[in-house]
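Our numbering puts the first residue of the sequence shown at 1, with every later residue one more than the last.
Notes follow once the structure below has been shown.
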Amino acid sequence: MRPAELDVTLTLYNLTCNTPEDSGGDEPYMWILGFKVDAETIGPPLPGSNSILPNFGVKVFQGVPAFPNLLGPDESVGADPTNPIPIPAALGTRSFRLKPALLPLAGWFPGIAGIVSLLWEKDNFDPGTAEAGHKKFNELFGPALSTEITNLINGGFDEALSKDANGNATQLPAEGPSLPWRLSRLRDAAGRKNAVKAITNKVKEEIINSIKDAITDEAGLDELFDPDDMLGVDAAVFLGDELTNTSTFSLSFTDDEADYTAKGFAIGARVHVASLISTVTKVERTVDKDLGLWLRVCWFDYKLYWAHAFKLVTTTKFELKNTVGELPTSVRWFLDDTPLTAGQGSISVVYEPVDIYAGPPQDALASYYTGGPGLLSYNATGSALEVTNQGGNGVFYGKVSVLYAYAGDPSLSPPPPPRPISELLALGYEQEAELGIMAVELEMNEAYNEDIKRCKRVVSEIDQKHIAVNMGKAVINPGDPPPYKQALLDRVTSAANLANAVGLRIGTQQNMKVPSLRQNQ
1 MRPAELDVTL
11 TLYNLTCNTP
21 EDSGGDEPYM
31 WILGFKVDAE
41 TIGPPLPGSN
51 SILPNFGVKV
61 FQGVPAFPNL
71 LGPDESVGAD
81 PTNPIPIPAA
91 LGTRSFRLKP
101 ALLPLAGWFP
111 GIAGIVSLLW
121 EKDNFDPGTA
131 EAGHKKFNEL
141 FGPALSTEIT
151 NLINGGFDEA
161 LSKDANGNAT
171 QLPAEGPSLP
181 WRLSRLRDAA
191 GRKNAVKAIT
201 NKVKEEIINS
211 IKDAITDEAG
221 LDELFDPDDM
231 LGVDAAVFLG
241 DELTNTSTFS
251 LSFTDDEADY
261 TAKGFAIGAR
271 VHVASLISTV
281 TKVERTVDKD
291 LGLWLRVCWF
301 DYKLYWAHAF
311 KLVTTTKFEL
321 KNTVGELPTS
331 VRWFLDDTPL
341 TAGQGSISVV
351 YEPVDIYAGP
361 PQDALASYYT
371 GGPGLLSYNA
381 TGSALEVTNQ
391 GGNGVFYGKV
401 SVLYAYAGDP
411 SLSPPPPPRP
421 ISELLALGYE
431 QEAELGIMAV
441 ELEMNEAYNE
451 DIKRCKRVVS
461 EIDQKHIAVN
471 MGKAVINPGD
481 PPPYKQALLD
491 RVTSAANLAN
501 AVGLRIGTQQ
511 NMKVPSLRQN
521 Q
């Protein structure tokens, strides 16, 4: 299933000092970056990499310019777990769009969204000196992380990925680690935590000396006698499809005998939202048969009622309606997993017998409508599909699916050879709806319905036996939703309960005339 494209927000909102680095109190400040790996950053293997796997590039997000210090001038913080320091939104929030990627060897990859922070304790650096290191961090982090994530995809962190929460190695696949296995281990909380820790340490080792060099080049001699101290680095990482609901997280900073905890949350909003709506737009109803039935309702005398059979030609419209974001650029329609060509066409189907969808007493006509092969015509134009039955001798239920994509998404019509339907439907967003077509409709005449209403026993029996009588809507008209299968079956059950409640009796040879069948030409 195709993951959703998301607008992601990751926020660090407070920092708690559990143990300060300086016994006299700390003056903490933070460097924060958001980052992502998705369809916009993933590319072909790097030249000379000797790998067939893609290069997992990284894009970083610095956010709006924000003062990194968390306290005012001459303020410091000691150990105070109950009184966290607020992190201003401008400093702690990173927002960006995450676009899933379709990988040749692993299917859909939902993308990675993350936030990383370096925590520092201010001592003697001027703001400009610290900012020189900050700029170098912003410059180096993305490429360094890209290198290590690509290493992870190629097996460089299999040991970390394979460990559980207790540090014990889990069983590897019989065929050995593969790209799908590595991506699946990123979904495992322990596997991901181990990998993030290992990658974070590796990236830190790769870039920290360059950051220190940038600071040293900017610092005056007096600043270097008491340099600012780095209290740690930590990151939170999420797969895109984990962000449809709010997720909370925390970062820990424990270098140089300090102990700080930053709390945050992450959320994603769908970029595209669409819904599949179905409506009956046209109904042509023709009387096909009438059957006279001598029935006794409650205490009334036996009476001739009429059951009617109608042949229906129904047009049902399915429409993909966009509610958030731009319109789809490509739409394909399917009926029971059979692709429908654009424009007008027809498809063969098999109708079910009417009997299981007709309740008493009108089911006396059901034996004339035994189902069988039939034809549906359709018109598929962009985001709309109209389906019309051409005759039919029963009831048909099927599934309409719509596959759609937006600008920049993979093509929904890949080149030959033909793909299995499951692979084709996995290329884009998919929604489905039930298609119900009643080519035959059975109902009783109005006299029968009026006598049912007059029967006082209906109320008493329902009250005593708690019979749920909900006949539903018997006739389908334009503007209605299509007849859903479960709703029809519920009507059959209600009709049977109602017939029992009113003491419905079919006439015998001694008190009835021969039922009359009228065939309408």
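The beta-carbon is built from N, C-alpha and C at its ideal position, and this holds for glycine as well.
Boundaries of the alpha helix (DSSP H) in which residue i is found, first to last residue
i	result
GLY191	189–218
ASN551	Because the chain spans 1 through 521 in this model, residue 551 falls outside it and cannot be assessed.
ILE476	Element bounds for ILE476: n/a, residue is neither H nor E.
LEU224	221–224
SER422	421–425
Residue i (DSSP reduced to helix, strand or coil)
i	result
LYS453	helix
VAL469	Confidence at VAL469 is low in this model, with a pLDDT of 46, below 50, so the placement of that residue should be treated as unreliable; the coordinate-derived value is given next. Coil at VAL469, not helix or strand.
ASN500	helix
ARG332	strand
GLY359	coil
ASP164	coil
VAL492	helix
LEU172	coil
LEU179	helix
SER413	coil
ALA407	coil
ASP229	strand
LYS399	strand
ASP22	coil
GLN519	strand
GLY48	coil
GLU40	coil
Cβ shell of residue i (< 6 Å), same chain only, five flanking positions each side left out
i	result
GLY232	LEU119, PHE253, THR254 and ASP255
PHE249	ALA236 and GLY264
ASN194	ALA160 and LYS163
VAL492	GLY359
Closest residue to residue i among the options (Cα-Cα distance)
i	options	result
ARG270	ARG296, GLU326 and THR150	GLU326
ASP222	PHE125, LEU172 and SER250	PHE125
LEU224	TYR448, GLY25 and LYS122	LYS122
TYR29	ASN69, GLY114 and ILE153	ASN69
ALA66	ASN83, ILE85, ALA90 and ARG419	ALA90
LEU412	SER422, GLY428 and VAL400	GLY428
ASN14	LEU251, LEU340, PRO481 and PRO417	LEU251
GLU443	ASP290, VAL324 and LEU46	ASP290
PRO361	ALA106, ASN445, ALA214 and ASN201	ASN445
PRO373	ALA380, ALA439 and PHE310	ALA439
LYS485	GLU257, GLU148, PRO328 and ILE437	ILE437
GLN519	PHE396, THR286 and GLU432	THR286
SER422	THR338, ILE115 and VAL116	THR338
ILE199	TYR404, TYR369, ALA144 and VAL273	ALA144
ALA39	LEU12, GLY167 and GLY111	GLY111
PHE109	THR82, VAL77, LYS282 and PRO3	PRO3
SER401	GLN62, THR261 and ALA384	ALA384
GLU5	VAL37, PHE310, HIS308 and ARG454	VAL37
HIS272	ASN477, THR314, PRO84 and ALA407	ALA407
THR329	PRO100, VAL280, LEU403 and LYS303	LEU403
Below-8 Å beta-carbon distance, residue i vs any chain B residue
i	result
MET438	Absent here is chain B; the protein component of the structure consists of one chain.
Residue i: first and last residue of the uninterrupted beta strand (DSSP E) it sits in
i	result
ALA90	Run containing ALA90: none in the beta strand (DSSP E); it sits in the alpha helix (DSSP H), 89–92.
ALA532	Outside the shown range of the chain, which is 1 to 521, sits residue 532, and nothing can be said about it.
LYS135	LYS135 -> not in any beta strand (DSSP E); alpha helix (DSSP H) instead, spanning 127–153.
GLU434	429–438
SER377	372–381
LYS36	28–37
THR338	338–340
TYR351	343–351
Neighbourhood of residue i by C-beta, 7 Å cutoff - its chain only, sequence neighbours within 5 removed
i	result
GLY398	LEU335, ASP336, VAL349 and LEU435
GLU218	GLY128, THR129 and ALA132
TRP181	PRO173
GLU21	GLU121, ASP229, LEU231, ASP256, GLU257 and ALA258
TYR305	LEU293, LEU295, MET444, ASN445, ALA447 and TYR448
VAL313	GLU284, THR388 and ASN389
Sequence-distant residues of its chain with Cβ nearer than 8 Å to residue i (five each side left out)
i	result
LEU489	ILE356 and TYR357
HIS466	With a pLDDT of 46 at HIS466, under the threshold of 50, the modelled position of this residue cannot be trusted, and the question is left open.
ALA106	LEU179, PRO180 and LEU183
ALA366	PRO353, VAL354, ASP355, ALA358 and LEU442
HIS134	TRP31 and PRO68
ASN55	ILE42, GLY43, PRO44, PRO45, LEU46, SER49, SER146 and THR150
Jot down the residue ranges of each uninterrupted beta strand (DSSP E) in the segment 250–327, minimum 3 residues, whole runs only, in chain order. 259–270, 273–296 and 303–324
Which parts of the segment 52–115 are runs of the alpha helix (DSSP H), unbroken and 4 residues or longer, counting only runs that do not cross its ends? 89–92
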